[in-house]
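Using our numbering, the letters of the sequence shown correspond one by one to residues 80 to 409.
Every residue gets a Cβ at the ideal spot worked out from N, C-alpha and C, and that includes glycine.
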Amino acid sequence: MTCLLTGRKDPAVSKRKCQILRMTLLALLVVAGVTRTTIPVAHADVLWGRDYFPNVQLITQTGQTVRFYDDLLKGKSVVINVIYTRCRDRCPLETAKLAQVQRLLGSRMGTDIFFYSISIDPDWDTPAVLREYAEKFGVGPGWLFLTGKADDIATVQKKTGLYSRTDAVNPDGHLPSLMIGNEPTGQWMLNSAVDNPRFLAATITNFLIGWKNREPVIAKSYEAARPIAGFAAGSYLFETKCAACHTFGEGDGIGPDLAGVTHDRDRAWLEGFIKAPDKMLAQKDPIATALFAKYKQVVMPNLRLGDGDVAAIMKYMDAQSAASRNRKTR
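Next up, the structure:
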């Protein structure tokens, strides 16, 4: 018979199969239409406004008491994640990546876009602890670190899609997610907090502000770009895991400039530190301890890298260090 979906004659295709295919396609089109459509402003307040979001009290890193909906969400475009300052796993990387995004967004921060990092360890993370943590990462205007009552924070997590049942037992296992939202329009989107910072900045700007009003993220000319050096796997790992804190030949960031590091450091020590920096710090390794003290006690996270990953990063750093030395001798 002739399938009404494909328009082709196929004896193997029954009328029933064609009907199923048509209904499946229709369902997919409906879902696509719903997910791509902005919730009208008239309905956004009903679906995703005061009646949906909790208006619990939270406290900022400066000690100011704020209401979650009235003061932080209402009428704003926001980016929300959860962290805790004793984290030895993902949180330092999340915060370092968002610090890069903050710089890329420039004047949009605190005027068009607001960042909120909410602690899931409120008993430890007092306003003073959060303030010190924020200062380590160079946090600027428009980015608040928040604490409060554990039950209130759990409620906020659930309503923003950032809740995990394991947080109370093992906070290190929380997902590095961002909830990006425009409260006036009711548009909300979940994204990874450890994505490429330039991609994140563009995604946040386009989603929250739109193409017409967005300020371009300024990039350097291709003529000023460094030649690609190293190996693909190592390059990818470095850019996704390390570049938020380190550069080659561009000066210290959150962590040290790595130009020449594979030449200056013992290779076995460096491999061990890349693989398990937390263990070396716990063992009071003198170099790890000195680096921890020098760079504002920002903990280098254990990224759960395998031996192959470490080898790839080492090869990439070898190539980048050589390229950096060559540029200096020209």
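Extent of the continuous beta strand (DSSP E) run through residue 146
From DSSP, the beta strand (DSSP E) with residue 146 extends over 144 to 146.
Return the CA-CA distance between residue 402 and residue 373, expressed in angstroms with no decimal places.
If you take the alpha carbons of residue 402 and residue 373, they lie about 26 Å apart.
Residues of its chain near residue 257, where Cβ-Cβ distance is below 6 Å and the 5 sequence neighbours each way are ignored:
The residues are 158, 160, 270, 272.
Would you please state the rounded distance, in angstroms, between the beta carbons of residue 410 and residue 164? I believe it to be under 8 Å.
Because the chain is modelled from 80 through 409, residue 410 falls outside the range shown and cannot be assessed.
Bridge partners for residue 287 per DSSP, in chain order?
Beta-bridge partners of residue 287 (DSSP): none assigned.
Chain-order list of residues whose beta-carbon lies under 8 Å from that of residue 400 (same chain, five-residue window excluded)
Answer for residue 400: 327, 337, 338, 339, 340, 341, 342, listed in chain order.
Can residue 335 and residue 171 be called in contact, C-beta distance under 8 Å?
Their beta carbons are not under 8 Å apart, which means residue 335 does not touch residue 171 by this criterion.
Which complete alpha helix (DSSP H) runs does the stretch 192 to 247 hold, if anything under 4 residues is left out?
Counting only runs of 4 or more, we get 206 to 215, 229 to 239.
Exposure label - residue 280; buried when at least 16 CB within 10 Å:
Burial call: buried.
Report buried or exposed for residue 289, applying the criterion of at least 16 other Cβ atoms within 10 angstroms of its Cβ.
Residue 289 counts as exposed, since fewer than 16 other C-beta atoms from the protein chains shown sit within 10 angstroms of its C-beta.
Is it buried or exposed, residue 200, if we count other Cβ atoms within 10 angstroms and call 16 or more buried?
Counting Cβ neighbours within 10 Å, residue 200 comes out buried, since at least 16 surround it.
Under a Cβ-count criterion, where at least 16 other Cβ atoms within 10 Å of its own Cβ denotes burial, should residue 366 be classed as buried or exposed?
It is exposed - the Cβ of residue 366 has fewer than 16 other Cβ atoms within 10 Å.
Just tell me which of 143, 240, 355 has its CA closest to the CA of residue 206.
Selected option, being the one with the closest Cα: 143.
For residue 347, count the other beta carbons within 10 Å of its own beta carbon; 16 or more makes it buried, fewer makes it exposed. Which is it?
The residue is exposed, with fewer than 16 neighbouring Cβ atoms inside 10 Å.
In whole angstroms, give me the CA-to-CA distance for residue 330 and residue 168.
Between residue 330 and residue 168, the C-alpha separation is close to 25 Å.
Is residue 254 helix, strand or coil by DSSP?
Coil, per DSSP.
Can you give the beta carbon distance from residue 333 to residue 392, rounded, assuming they're within the 8 Å contact cut?
Rounded to the nearest angstrom, the Cβ distance from residue 333 to residue 392 is 17 Å, too far for a contact under 8 Å.
Please specify which runs of the alpha helix (DSSP H), each continuous and at least 4 residues long, are wholly inside the stretch 333 to 375, giving them in chain order.
Runs of the alpha helix (DSSP H) inside the stretch 333 to 375: 340 to 343, 346 to 354, 356 to 361, 365 to 373.
Determine the direct distance from the alpha carbon of residue 180 to that of residue 277, and round the result to whole angstroms.
Whole-angstrom Cα-Cα distance: 7 Å.
Enumerate in chain order the residues of its own chain whose CB-to-CB distance from residue 396 is below 7 Å, with the five nearest sequence positions on each side excluded.
Only 337, 340, 341 meet the Cβ criterion.
Looking only at its own chain, which residues have a Cβ that is under 8 Å from the Cβ of residue 383, when we skip the five neighbours before and after it?
Apart from sequence neighbours up to five positions away, no residue of its chain approaches residue 383 with a beta-carbon distance below 8 Å.
Would you decide whether residue 140 is buried or exposed? Buried here means 16 or more other CB atoms lie within 10 Å of its CB.
The residue in question, residue 140, is buried, as its Cβ has 16 or more Cβ neighbours within 10 Å.
In this structure, does DSSP put residue 154 in helix, strand or coil?
It is coil, neither helix nor strand.
Any heavy atom of the ligand HEM closer than 7 Å to the beta-carbon of residue 232?
Among the components of this structure there are no ligands whatsoever, and the ligand HEM is therefore not found.
Status (buried if at least 16 other CB within 10 Å, exposed otherwise) for residue 244
Exposed, since its Cβ has fewer than 16 Cβ neighbours within 10 Å.
Starting from residue 183 and walking both ways along the alpha helix (DSSP H), at which residues does that stretch end?
Segment 170 to 184, the alpha helix (DSSP H) holding residue 183.
Residue 186: which of 222, 351, 363 sits nearest, CA to CA?
That would be 222, whose Cα lies nearest to the Cα of residue 186.
Member of 151, 213, 385, 364 whose CA lies at the smallest distance from the CA of residue 190:
Of 151, 213, 385, 364, the residue nearest in Cα terms is 151.
Using a Cβ-Cβ cut-off of 8 Å (strictly less than) and excluding sequence neighbours within five positions of residue 355, which residues of its own chain qualify?
If you ignore the 5 residues before and after residue 355, its C-beta comes within less than 8 Å of the C-beta of 381, all in its own chain and listed in chain order.
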